[in-house]
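Okay, so here's the structure we're looking at.
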Amino acid sequence: MASKWNDQPCHLCGAGTLHDGVKWVEQAYKGKVFKSESRGAFCDHCADGFVEFDQDEESAWLAFRKQVDAAEAADLVRIRKKLKLSQLEAARLAGGGKNAFSRYERGQAKPVAAVINLFRLLDAHPELLSDLRA
Ligand SMILES: [Zn+2]
Numbered sequence: 027m028a029s030k031w032n033d034q035p036c037h038l039c040g041a042g043t044l045h046d047g048v049k050w051v052e053q054a055y056k057g058k059v060f061k062s063e064s065r066g067a068f069c070d071h072c073a074d075g076f077v078e079f080d081q082d083e084e085s086a087w088l089a090f091r092k093q094v095d096a097a098e099a100a101d102l103v104r105i106r107k108k109l110k111l112s113q114l115e116a117a118r119l120a121g122g123g124k125n126a127f128s129r130y131e132r133g134q135a136k137p138v139a140a141v142i143n144l145f146r147l148l149d150a151h152p153e154l155l156s157d158l159r160a
């Protein structure tokens, strides 16, 4: 069945016509790219258009974000252990309360970007840890 946009003039550019079709759509989350094949109506002139809402696609997008968050949490655990820090010591460096780190590692809270960036820098330059402790 054709969508309500099929064969309609494109209001986005005013020059083309929309046609039903599929298109690869990319969305980024924390620098990781999620690609999905989206059904919709797309302009034959400007290539812009409308994407139909798809529950399976929405679920896949949410699962992708969850996976990125879980990988980030696993990375924090790995770096903390590499630096031989307890969760409490890590929380002192990162701020956010004494239980913050255990909450990050269990996925109960999302660390702000500064925390992730700090630990990635320490991962690459563990010798800087002594500067922070001084
Ligand atoms: Zn157009």
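Letter by letter, the sequence shown follows residues 27 to 160 of this note's numbering. All C-beta atoms, glycine included, are put in the ideal place defined by N, C-alpha and C. Please read all numbers here as calculations on a predicted model, not as lab measurements.
query	result
Whole runs of the beta strand (DSSP E) within the region 45-76, excluding any shorter than 3 residues	58-69
Where the alpha helix (DSSP H) through V141 begins and ends	139-150
Residue list, Cβ distance to ligand 1 heavy atoms smaller than 5 Å	C36, L38, C39, G42, C69, H71, C72
Environment of P152 [buried if 16+ CB atoms lie within 10 Å]	exposed
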